[in-house]
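**Student:** Below is one structure. I have some questions about it.
Numbering (this note's numbering), first residue to last: 1 to 928.
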């Protein structure tokens with residue numbers, strides 16, 4: 001490109017928000033071809049996207065140090081100032097932020113583009129009005145156009161960080177300051193987006209997208225936002241008024257202050273600026289007036305460095321780079337990183353030895369242009385540069401692909417904190433720069449794709465890490481929601497109960513109970529509960545209607561051991577059973593979460609739960625409900641009512657000894673009424689078999705716990721008949737009876753009792769058949785005795801088959817203890833397993849009756865039963881004096897029984913009693 005052109009050069013100067021960049025894009029797209037250079041990769045990418053939207057991706061190229069998008073038919077090029085190809089022949093050239101020629105680090109690049117970059121048809125220089133005089137001097141043919149600011153910029157004073165208005169940008173000048181401010185904003189405002197020049201475009205765009213979308217109300221940035229980044233910012237707050245420029249810590253110039261403050265207010269919207277606290281004493285009145293009035297001191301000079309050094313020798317290269325400018329408004333640029341690296345390598349013996357080789361020197365200066373993205377310093381950075389130079393000047397002149405692949409693989413890790421991810425991105429940017437150079441490495445296109453893909457992954461991870469650390473989206477949402485009374489944010493309740501407001505989870509809804517997200521801060525709980533109450537009213541009303549009008553299939557009893565009995569809807573507790581008027585009429589206490597419903601809805605739910613309990617009791621514990629109803633019925637005979645009341649209070653089972661007196665008081669007409677209800681009047685217990693089923697046991701345990709106000713005990717497993725250990729209250733409710741060292745279910749105990757009495761009755765029958773328990777061995781002995789002429793005495797007692805007890809899992813000790821509780825005693829040798837009936841013990845000892853004066857021969861020996869069992873006198877049998885040794889009696893004939901006309905005839909057993917048949921057999925035996 002020729003240094004001079006007969007076509008016009010226009011300098012568009014003015015403060016921020018004057019539409020300079022917008023005008024340049026319009027002029028670019030109006031020409032057949034063109035390019036614009038920008039100070040930042042971020043800004044170049046932003047404008048690239050805008051031009052692509054106008055011209056299409058096939059006609060637009062992006063060229064930066066780390067990124068290159070170069071379609072074959074590209075006619076428009078956007079890039080950083082360093083990457084701008086001056087040799088490209090285009091119709092339009094734009095130079096943005098030309099005043100950066102005064103920057104000590106990069107100013108010489110901008111000055112060079114100002115002097116040498118020209119378009120065939122039009123050249124446009126964009127910048128601050130402070131460069132007006134320098135443009136006139138350096139580019140005398142330029143037409144200078146001044147544009148006014150579209151909106152007003154005013155000073156808003158100092159403010160606390162917590163009092164900053166929304167849509168504010170807070171500017172700091174180090175990563176540490178940026179992170180600290182973002183962390184504080186997260187605590188009391190929900191967080192902030194973070195923008196720094198070191199971020200990749202992908203990360204920066206993701207952060208800005210959060211801010212633009214309103215997910216956060218604050219943005220914390222470095223002075224990178226002053227370089228033309230278009231953001232919807234209404235206020236700019238300076239956290240500091242000084243920065244380190246690479247050499248010293250200094251106060252910002254007025255131009256720098258204005259450049260940053262000017263980001264507030266876009267287009268026709270006014271903006272403001274101020275400070276957070278009073279950093280470095282705050283703005284002076286002169287600075288405020290200059291910023292508000294856009295009056296800046298003109299720049300006196302720009303930095304310059306020889307853009308075309310010679311490569312005849314290493315010394316010539318260094319000398320040419322140190323050449324001073326010829327114009328008074330230009331001054332020599334300070335030593336930049338590339339020159340520092342060059343001078344450091346110049347001391348190396350291998351470099352010095354090849355200092356006269358034109359190609360070696362040229363390639364040395366070429367690789368010295370590798371930016372120090374990692375900020376390692378000249379000495380450390382020079383090691384990488386030296387290695388690259390060695391490859392570039394040996395062999396095929398290409399970088400070792402294995403070294404490049406190893407470096408790339410080492411960076412391929414998306415785990416870590418913000419600092420680690422940012423460090424990897426900086427290292428990948430170095431690799432991206434190398435991969436863009438097709439003359440440096442073979443297969444540059446493939447390496448470019450890999451490095452850019454890795455940078456994208458790392459950028460996404462960095463964005464996620466920044467958002468996780470500095471953004472509390474839920475808090476930001478709640479704060480925004482609290483200020484919108486009539487806002488209708490979308491609310492969703494997931495299948496797992498997760499409640500999300502506008503896509504942000506605030507907690508879980510289990511049934512009707514809302515629980516705040518457990519990871520939420522304690523200070524946020526009140527706002528989360530308020531948000532749930534505000535947004536879940538419709539959902540709770542819908543659930544209340546579904547519960548009250550449902551068929552009950554979603555309702556269930558929760559009988560967890562150690563917890564109170566509760567009712568659940570879809571598995572979530574909504575009520576608790578409590579003490580009621582009777583055992584079968586428990587009170588229902590609805591959960592406090594349901595009390596926040598409308599009173600009519602809460603009442604409907606309470607009535608539905610009462611119906612559910614009644615339905616379940618009728619289904620699973622019908623006999624218990626029936627006996628409770630009969631106990632309260634005035635038409636039921638009083639003695640039966642008393643017995644049923646005791647059974648109901650004991651949840652449907654009771655020991656017979658407890659109600660023996662009431663049972664004996666029943667008449668022969670009243671006993672059948674009990675059996676009509678399905679009750680089993682057993683030897684030891686009175687119970688209903690249906691109440692021993694598993695679901696009936698659960699409901700009975702719940703009713704007992706509710707009536708007693710105690711937790712539900714641990715119940716035995718379903719189907720169990722014998723338990724060695726367990727919770728005593730739970731075993732008793734489940735219908736188990738203690739026997740020796742274990743617990744046996746009472747219906748099985750009654751089965752054993754009936755078997756024992758059946759054996760007893762069989763033994764009492766006339767010996768028309770072999771006695772139960774007689775085996776072939778005994779028969780053989782008997783025959784032998786008859787042959788010898790000696791009559792053998794029958795063995796005492798009778799045999800009870802142990803097979804049933806064995807099938808139930810009872811050991812011998814438990815079986816003997818259980819038979820003993822039935823009133824049976826072992827007789828004879830234990831190995832013979834012979835038993836006799838001695839009657840049940842009375843629960844209380846009754847007073848002895850005085851002997852009747854007409855009764856004589858009280859010392860008469862007891863009679864022998866037909867089965868050979870020695871019978872005890874009735875008085876001793878009634879008193880149940882078991883276990884005491886009896887004195888030997890002399891078998892003498894018993895005198896005949898005297899009639900007692902003074903006493904009423906003794907009442908016989910009930911005809912419905914199983915002992916009626918036994919009495920008849922005994923009577924027949926006496927006759928014989």
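Backbone N, C-alpha and C define an ideal beta-carbon position, used for all residues, glycine too.
Can you tell which of 430, 9, 301 and 170 has the C-alpha that lies nearest to the C-alpha of residue 141?
**Tutor:** The count along the chain shown starts at 1 and reaches residue 141 at position 141. Minimum Cα distance to residue 141 is reached at 9.
**Student:** Which residue from 595, 36, 576 and 593 puts its Cα closest to that of residue 587?
**Tutor:** Residue numbering aside, residue 587 sits at position 587 when the chain shown is read from its first letter. Selected option, being the one with the closest Cα: 576.
**Student:** Take the Cβ of residue 278 as the centre, count every other Cβ of all protein chains shown within 10 Å, and call the residue buried at 16 or more, exposed below.
**Tutor:** Along the chain shown, one-based indexing puts residue 278 at 278. Its Cβ having fewer than 16 others within 10 Å, residue 278 is exposed.
**Student:** When the Cα of residue 165 is compared with those of 271, 567 and 34, which residue comes out closest?
**Tutor:** Start at 1 with the first residue of the chain shown, and residue 165 comes out as number 165. The candidate whose alpha carbon is nearest that of residue 165 is 271.
**Student:** Unbroken alpha helix (DSSP H) runs of length 4 or more, entirely within the stretch 132–210: which are they?
**Tutor:** 132–138 and 175–189
**Student:** Is DSSP giving residue 693 helix, strand or coil here?
**Tutor:** Stepping through the chain shown from its first residue, residue 693 is reached at position 693. Here residue 693 sits in coil by DSSP.
**Student:** Can you check which of these residues, 386, 445 and 627, is closest to residue 71 by C-alpha distance?
**Tutor:** Taking the first residue of the chain shown as position 1, residue 71 is located at position 71. Residue 445 is the option with its Cα nearest to residue 71.
**Student:** Please specify which runs of the alpha helix (DSSP H), each continuous and at least 4 residues long, are wholly inside the stretch 371–429, giving them in chain order.
**Tutor:** 378–392 and 401–410
**Student:** Just reading off the alpha helix (DSSP H) that residue 541 is part of, what are its end residues?
**Tutor:** The sequence position of residue 541 within the chain shown is 541, counting from 1. 537–549 is the extent of the alpha helix (DSSP H) around residue 541.
**Student:** What does DSSP give as the partner residue(s) for residue 799 in the beta ladder?
**Tutor:** Within the chain shown, residue 799 is the residue found at index 799, counting from 1. Answer is 834, bridged to residue 799.
**Student:** DSSP three-state call for residue 568: helix, strand or coil?
**Tutor:** As a first step, residue 568 is located in the chain shown; it is residue number 568 there, counting from the start. In this structure, residue 568 counts as strand in the three-state DSSP scheme.
**Student:** Helix, strand or coil for residue 235? Go by DSSP, reduced to three states.
**Tutor:** The residue labelled residue 235 in the question sits at position 235 within the chain shown. Here residue 235 sits in strand by DSSP.
**Student:** Comparing alpha-carbon positions, which option in 819, 828, 723 and 726 lies nearest residue 759?
**Tutor:** Walking along the chain shown from the start, residue 759 turns up at place 759. The shortest Cα separation from residue 759 among 819, 828, 723 and 726 belongs to 819.
**Student:** Does the separation of the CB atoms of residue 139 and residue 115 fall below 9 Å?
**Tutor:** Here residue 139 corresponds to residue number 139 of the chain shown, with the count starting at 1. Here residue 115 corresponds to residue number 115 of the chain shown, with the count starting at 1. In this structure, residue 115 lies closer than 9 Å to residue 139 by Cβ.
**Student:** Taking a contact to mean a Cβ-Cβ separation below 9 Å, would you say residue 457 touches residue 427 in this structure?
**Tutor:** Indexing the chain shown from 1 puts residue 457 at position 457. Indexing the chain shown from 1 puts residue 427 at position 427. Taking 9 Å as the cut-off, the Cβ atoms of residue 457 and residue 427 do not count as close.
**Student:** Across which residues does DSSP place residue 442 in a beta bridge pair?
**Tutor:** Here the question's residue 442 lines up with position 442 in the chain shown. Looking at the DSSP assignment, residue 442 forms no beta bridge with any residue, so it has no partner.
**Student:** Taking the alpha carbon of residue 727 as the point to measure from, which residue in 627, 561 and 682 has its own alpha carbon closest?
**Tutor:** Working through the chain shown from its first residue, we reach residue 727 at position 727. Closest option to residue 727, Cα to Cα, is 561.
**Student:** My guess is that residue 303 and residue 108 are in contact by the Cβ rule of under 8 Å, so how many angstroms apart are they, rounded?
**Tutor:** For the purposes of this step, residue 303 is taken as residue 303 along the chain shown, with counting starting at 1. For the purposes of this step, residue 108 is taken as residue 108 along the chain shown, with counting starting at 1. Contact flag correct, Cβ pair sits at about 5 Å.
**Student:** From the DSSP output, in three-state form, read off residue 677 for me.
**Tutor:** If you number the chain shown from 1, residue 677 lands on position 677. Here residue 677 sits in coil by DSSP.
**Student:** Tell me whether the beta-carbon of residue 18 lies closer than 9 Å to the beta-carbon of residue 148.
**Tutor:** Counting from 1 along the chain shown, the entry for residue 18 is found at position 18. Counting from 1 along the chain shown, the entry for residue 148 is found at position 148. Yes, they are a contact pair.
**Student:** Tell me whether residue 807 is buried or exposed, calling it buried when 16 or more other Cβ atoms sit within 10 Å of its Cβ.
**Tutor:** By 1-based counting over the chain shown, the position of residue 807 is 807. Under the 10 Å beta carbon count, residue 807 is surrounded by fewer than 16 other beta carbons and is classified as exposed.
**Student:** Counting only runs of 4+ residues fully inside the stretch 88–126, write out the alpha helix (DSSP H) ranges in chain order.
**Tutor:** 107–116
**Student:** Would you kindly report the start and end of the unbroken beta strand (DSSP E) that includes residue 586?
**Tutor:** As a working note, residue 586 is residue 586 in the chain shown. First-last of the beta strand (DSSP E) with residue 586: 585–590.
**Student:** Does the separation of the CB atoms of residue 414 and residue 389 fall below 9 Å?
**Tutor:** Counting from one through the chain shown, the residue named residue 414 turns up at place 414. Counting from one through the chain shown, the residue named residue 389 turns up at place 389. Against a cut-off of 9 Å, the Cβ pair of residue 389 and residue 414 comes out as no contact.
**Student:** Determine the direct distance from the alpha carbon of residue 259 to that of residue 223, and round the result to whole angstroms.
**Tutor:** Sequence index remark: in the chain shown, residue 223 carries index 223 (1-based). Sequence index remark: in the chain shown, residue 259 carries index 259 (1-based). Each residue's Cα considered, the two are about 9 Å apart.
**Student:** Does the beta-carbon distance from residue 817 to residue 699 come in below 9 Å?
**Tutor:** Residue 817 sits at position 817 when you count from the first residue of the chain shown. Residue 699 sits at position 699 when you count from the first residue of the chain shown. No, the pair does not count as a contact, with Cβ atoms beyond the cut-off.
**Student:** List the DSSP bridge partners of residue 654.
**Tutor:** What you label residue 654 is simply residue 654 of the chain shown in a count that begins at 1. Looking at the DSSP assignment, residue 654 forms a beta bridge with 686.
**Student:** Nearest to residue 143 by alpha carbon, out of 436, 205, 469 and 133?
**Tutor:** Locating residue 143 in the chain shown gives position 143, where the first residue counts as 1. Considering only alpha carbons, the answer is 133.
**Student:** Sorted by chain position, which residues of the same chain lie with C-beta nearer than 7 Å to residue 703's C-beta, five sequence neighbours on each side aside?
**Tutor:** For the purposes of this step, residue 703 is identified with residue 703 of the chain shown, where counting begins at 1. Only 583, 584, 586 and 651 meet the Cβ criterion.
**Student:** Using the Cβ count rule (16 or more neighbours within 10 Å means buried), how would you classify residue 112?
**Tutor:** Walking along the chain shown from the start, residue 112 turns up at place 112. When all chains shown are included, residue 112 counts as buried.
**Student:** Roughly how many angstroms lie between the CA atoms of residue 40 and residue 187, to the nearest whole one?
**Tutor:** Translated into the one-based positions of the chain shown, residue 40 becomes position 40. Translated into the one-based positions of the chain shown, residue 187 becomes position 187. Looking at the two C-alpha atoms, the distance is approximately 32 Å.
**Student:** Identify every run of the beta strand (DSSP E) within the stretch 276–347, keeping only runs that are complete inside it and at least 3 residues long; order them along the chain.
**Tutor:** 302–304 and 330–332
**Student:** Do residue 220 and residue 264 come within 9 Å of each other at the CB atom, strictly closer than that value?
**Tutor:** In the chain shown, counting from the first residue as 1, residue 264 sits at position 264. In the chain shown, counting from the first residue as 1, residue 220 sits at position 220. In this structure, residue 220 does not lie closer than 9 Å to residue 264 by Cβ.
**Student:** When DSSP builds the beta bridges, which residues end up paired with residue 743?
**Tutor:** Mapped onto the chain shown, residue 743 falls at position 743. Beta-bridge analysis with DSSP links residue 743 to 723 and 738.
**Student:** Does any C-beta atom of chain D lie closer than 9 Å to the C-beta of residue 373?
**Tutor:** Included in the structure is just one protein chain, with no chain D present.
**Student:** Helix, strand or coil for residue 712, going by three-state DSSP, please let me know.
**Tutor:** As a first step, residue 712 must be located in the chain shown, where it is residue number 712. Here residue 712 sits in coil by DSSP.
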